[in-house]
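One rule links them: number in the numbering used here = place in the sequence shown (from 1) + 8. Below is one structure, written out as structure tokens; the observations come after it.
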Amino acid sequence: FAAEVTRVAREVGTEGKLGGQAEVADVSGTWRRLTESVNRLAGNLTTQVRAIAGVATAVAEGDLTRRIDVAASGEVAELKDDINAMIGHLRASTEANREQDWLKSNLARISAALQECHDLGELAQLITTELTPLVSAQYGGFYLRSTDTDGGVVLERTSSYGRAPQDGPPPRFRLGESLVGQAAADGRTIRVTDAPPGHVRIGTGLGQSVPGSVVVLPVSFEDEVQAVLELASVHEFTPVHLDLLERLSGSIGVDINTIRVNSRTAALLGDSQRLAAELRTRSEQLQHQQDELRRSNAELEDKAEQLAGRNRDIELKNQEIEQARQQLEQRAQELASASAYKSEFLANMSHELRTPLNSVLILAKLLSDNAAGNLTEEQVDLAGTIHQAGGDLLQMINDVLDLSKVEAGRMFLLPEDVAPSEIAAGVRAMYEPVAADRGLGFEVRVEPGAPEVLRTDRNRLDQILRNLVSNAVRFTEQGSVLLRIRPAEPGETPAGAEQAEPAVAFEVSDSGIGIAPDQLDAVFEAFRQADGTAVRNYGGTGLGLSISKELTTLLHGELAVRSEPGQGSTFTLYLPGQPPEQEEGVEVSGPEIAAQPSAEARFSGQLVLLIDDDARGRHALAAALQQRGLRIAEADGASAGIRVLREGSEVDAVLMDVMMPGMDGNSAIELIREVPRFRNLPVIAVTAQALPDDRERSLAAGATEAISKPVDVAELAGVLAAVLPR
Numbered sequence: 009f010a011a012e013v014t015r016v017a018r019e020v021g022t023e024g025k026l027g028g029q030a031e032v033a034d035v036s037g038t039w040r041r042l043t044e045s046v047n048r049l050a051g052n053l054t055t056q057v058r059a060i061a062g063v064a065t066a067v068a069e070g071d072l073t074r075r076i077d078v079a080a081s082g083e084v085a086e087l088k089d090d091i092n093a094m095i096g097h098l099r100a101s102t103e104a105n106r107e108q109d110w111l112k113s114n115l116a117r118i119s120a121a122l123q124e125c126h127d128l129g130e131l132a133q134l135i136t137t138e139l140t141p142l143v144s145a146q147y148g149g150f151y152l153r154s155t156d157t158d159g160g161v162v163l164e165r166t167s168s169y170g171r172a173p174q175d176g177p178p179p180r181f182r183l184g185e186s187l188v189g190q191a192a193a194d195g196r197t198i199r200v201t202d203a204p205p206g207h208v209r210i211g212t213g214l215g216q217s218v219p220g221s222v223v224v225l226p227v228s229f230e231d232e233v234q235a236v237l238e239l240a241s242v243h244e245f246t247p248v249h250l251d252l253l254e255r256l257s258g259s260i261g262v263d264i265n266t267i268r269v270n271s272r273t274a275a276l277l278g279d280s281q282r283l284a285a286e287l288r289t290r291s292e293q294l295q296h297q298q299d300e301l302r303r304s305n306a307e308l309e310d311k312a313e314q315l316a317g318r319n320r321d322i323e324l325k326n327q328e329i330e331q332a333r334q335q336l337e338q339r340a341q342e343l344a345s346a347s348a349y350k351s352e353f354l355a356n357m358s359h360e361l362r363t364p365l366n367s368v369l370i371l372a373k374l375l376s377d378n379a380a381g382n383l384t385e386e387q388v389d390l391a392g393t394i395h396q397a398g399g400d401l402l403q404m405i406n407d408v409l410d411l412s413k414v415e416a417g418r419m420f421l422l423p424e425d426v427a428p429s430e431i432a433a434g435v436r437a438m439y440e441p442v443a444a445d446r447g448l449g450f451e452v453r454v455e456p457g458a459p460e461v462l463r464t465d466r467n468r469l470d471q472i473l474r475n476l477v478s479n480a481v482r483f484t485e486q487g488s489v490l491l492r493i494r495p496a497e498p499g500e501t502p503a504g505a506e507q508a509e510p511a512v513a514f515e516v517s518d519s520g521i522g523i524a525p526d527q528l529d530a531v532f533e534a535f536r537q538a539d540g541t542a543v544r545n546y547g548g549t550g551l552g553l554s555i556s557k558e559l560t561t562l563l564h565g566e567l568a569v570r571s572e573p574g575q576g577s578t579f580t581l582y583l584p585g586q587p588p589e590q591e592e593g594v595e596v597s598g599p600e601i602a603a604q605p606s607a608e609a610r611f612s613g614q615l616v617l618l619i620d621d622d623a624r625g626r627h628a629l630a631a632a633l634q635q636r637g638l639r640i641a642e643a644d645g646a647s648a649g650i651r652v653l654r655e656g657s658e659v660d661a662v663l664m665d666v667m668m669p670g671m672d673g674n675s676a677i678e679l680i681r682e683v684p685r686f687r688n689l690p691v692i693a694v695t696a697q698a699l700p701d702d703r704e705r706s707l708a709a710g711a712t713e714a715i716s717k718p719v720d721v722a723e724l725a726g727v728l729a730a731v732l733p734r
């Protein structure tokens, strides 16, 4: 309805297009009455135009008693006023003609002739033909106002009387050019007597003569010049002639304007008639639609009631959805809290497990090394067994922490250029002796076409391959294990590993026990293996493949498996040659310490202060470092260690345990660094926590380096060799 009313209002009220009608289907009541009001408005305008046309026709037929009385506004009102004014001028001319016989008869005759003209060219020819001889002139020209291509006003000769053949094409004058243009510019009559030589000449068959008088008469309508009449005579124009010309100029202007207006009116009338016909047709259609609307109104009311009911149902559903959303938000908050508790629990458990394990591993290593040579071979083997069991326990702790870091999104990558040949050499060196001890064949091949370098995280790739190869060796009792590094075949690469660079496949095959088809997905779940008996027969936590799956996702790759029970298994790791653009994560930050080779790390009596609340850990670590030529001072807590430093002991380096009661190790490092003479003292943080932020916090506190428990004595010796004074 709004669109239709806007269109009709624009066409009728703004654009002046008559006859427009609003067509709105299926309306009733107020909307129907509004539609009818709009249509009556358009009908009124059509009535106005018809009244104007009737009066204009009557005037053209000579009836000057008519007047347009219909109410109007806008352009229609202007048209009505113009026509009424025209009728008034004509009536005044007629009355003036009656007052003077000669003027009356000629004005009436010429006016009547002008009224019969419906074309400006016809009118111009009539004026020059009738007026020139009537006022005893021998030359006449009529110039109509028009607009040139530049938008300027020009006066162009439209008709002439007595024009000489040598006059050439009809001239055109702008305002102010020649007497014609000047008369139009001033709006006043210009008279010239005794025309100079070279002016227009009046020619006959007998010869030519110079005009004695020239009159240039502007023809105006409502103070706007519409045309210019130029007359020349061999005699001077009499006053009655001039009076006739002055009186006729107004009528001519009106006629010119009338013709122009009538031309526009005729066009509008044609449009209005066409629109009226369309209106009648549309009115009939509207009547039919209104009848249908009345019939469907009852159905609409029923549907409205149904819709209201549905809206009530929707509101109830929205309330239920909002309640569910709030419950989900609450659940998400609970999960976030549980994740934080889990991380804190794992950090604390890591400390509680690694602290005693640190002592076990160090002491077992010292016993198995038998540096004093006072143990039997059996005792050395038993110590080695203890050290190996402790190492297995440490690997289990690391697996649990790795899985936790991946699930929490706290494991970051350090992409670097990695050579597959180096990867192959490392795997061969690590597992060839293990496979030989089990009587298995072991082979590593880098196939032709494999890239020389790919960009990935070297440590995570090594971790995945260690898990896959160790599983293959563990679950194979006889036969062989093969690692192939090759380019992925077209169409072989899973969607997750498809990148711009060709994918690389790391394929680990064995001839072991295999996996049942219904267990293929279960092997990637945490703490799961193909079946329960495998756990007992072959050992392991069931975390290796789960961690490998998560790490593969971090590396933008895919891990696939195919297997048959009793025939062996093949695990294939697909990695992109070039990973997607991403911000490279940094696991830790701080100074990098170039560790000296551990096998050559021997010292010459430098003093190292051990600060640890665990006496077992201090004792084990002190014994290991003393064997390498270091002197050891001990403190059972952070406060005691700071006192030892402040008492003036010439300590060369500090080993600071991080988790201690009272003041923790990081806080103690910050206090040590506040003392000017200790700002360059090497302080190595030792933490039993293994989450990504632990090392960063220690380095941020001012530690020179940070290592994790259980301490690898050889690694620690290498770090000390790099930081201690020679």
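For each residue, glycine too, the CB sits at the ideal point set by N, CA and C.
- Within the region 664-732, the complete beta strand (DSSP E) segments at least 3 residues long are 691-695 and 713-716, listed from N- to C-terminus.
- If the five residues before and after Glu-31 are omitted, its C-beta is found closer than 7 Å to the C-beta atoms of Glu-12, Arg-290 and Leu-294, all from its own chain and listed in chain order.
- In the three-state reduction of the DSSP assignment, Ile-472 falls in the helix class.
- By the Cβ rule, the region 223-232 counts as touching the region 260-278, because three or more pairs are nearer than 8 Å.
- In the DSSP annotation of this structure, Arg-199 is not part of any alpha helix (DSSP H); the continuous beta strand (DSSP E) holding it starts and ends at 198-201.
- Under the 10 Å beta carbon count, Asn-475 is surrounded by 16 or more other beta carbons and is classified as buried.
- A Cβ-Cβ distance of about 6 Å is found for the pair Gly-160 and Arg-182, placing them in contact under the 8 Å criterion.
- In the structure shown, Val-218 falls within a coil segment according to DSSP collapsed to helix, strand and coil.
- The secondary-structure analysis by DSSP pairs Ser-376 with nothing; it has no beta-bridge partner.
- For Thr-14, there is no enclosing beta strand (DSSP E); the enclosing alpha helix (DSSP H) covers residues 10-16.
- A check of alpha carbon separations from Gln-297 across Asp-34, Lys-112 and Asn-319 identifies Asp-34 as the nearest.
- Its chain contains Ser-144, Gly-220 and Ser-221 as the residues whose beta carbon lies nearer than 8 Å to that of His-243, once the 5 sequence neighbours on both sides are disregarded; these appear in chain order.
- The residues Ile-601, Ala-661, Pro-690, Ile-692, Thr-712 and Glu-713, in chain order, have a CB closer than 8 Å to that of Val-731 in the same chain once the five nearest residues on each side in sequence are set aside.
- Taking 7 Å as the cut-off, the beta carbon of Val-46 is found no closer than this to the beta carbon of Val-84.
- Within the same chain, Cβ atoms closer than 7 Å to the Cβ of Pro-179 are found at Arg-165, the five residues on either side in sequence being excluded.
- Between the region 267-281 and the region 79-94, the count of Cβ pairs shorter than 8 Å is three or higher; the stretches touch.
- Contact annotation: Leu-618 and Leu-653 have beta-carbon atoms that are not nearer than 7 Å.
- Beta-carbon to beta-carbon, Asp-465 and Leu-421 are separated by about 4 Å, close enough to satisfy the 8 Å threshold.
- Between Glu-558 and Tyr-582, the CB-CB gap reaches or exceeds 7 Å.
- Taking 7 Å as the cut-off, the Cβ atoms of Leu-134 and Ala-120 do not count as close.
- Under the criterion of beta carbons closer than 8 Å, Ala-676 and Ile-640 do not qualify as touching, at roughly 18 Å.
- Within its own chain, the residues whose Cβ lies closer than 8 Å to the Cβ of Leu-638, once the five positions on either side in sequence are excluded, are Phe-611, Gly-613, Gln-614, Leu-615, Val-616 and Leu-728, listed in chain order.
- DSSP, read as helix, strand or coil, puts Ala-443 in helix.
- For Thr-54, the enclosing alpha helix (DSSP H) stretches over residues 38-68.
- Put simply, the region 456-463 touches the region 422-429. At least three CB pairs are less than 8 Å apart.
- Looking only at Thr-393, Gly-70, Ser-81 and Ser-241, the smallest Cα-Cα distance to Thr-201 is reached by Ser-241.
- Note: Thr-246 is not bridge-paired with any residue in the DSSP secondary-structure output.
- DSSP, read as helix, strand or coil, puts Ser-519 in coil.
- Residue burial is scored here from C-beta neighbours: Pro-584 has at least 16 other C-beta atoms within 10 angstroms and is therefore classed as buried.
- The residue from Glu-238, Val-63 and Gln-190 with its alpha-carbon nearest to that of Thr-136 is Glu-238.
- By the criterion of a C-beta distance shorter than 6 Å, Thr-197 is surrounded in its chain by Leu-225, once the five residues flanking it on both sides are discounted.
- Assigned with DSSP and collapsed to three states, Gln-634 falls in helix.
- Under a 10 Å Cβ-count criterion, Val-683 is classified as exposed, with fewer than 16 other Cβ atoms of the shown protein chains found around its own Cβ.
- When beta bridges are read from the DSSP output, Phe-483 appears opposite no residue.
- Annotated three-state conformation of Thr-560 is helix, per DSSP.
- Arg-626 is classed as buried because its beta carbon has at least 16 other beta carbons within 10 Å across all chains shown.
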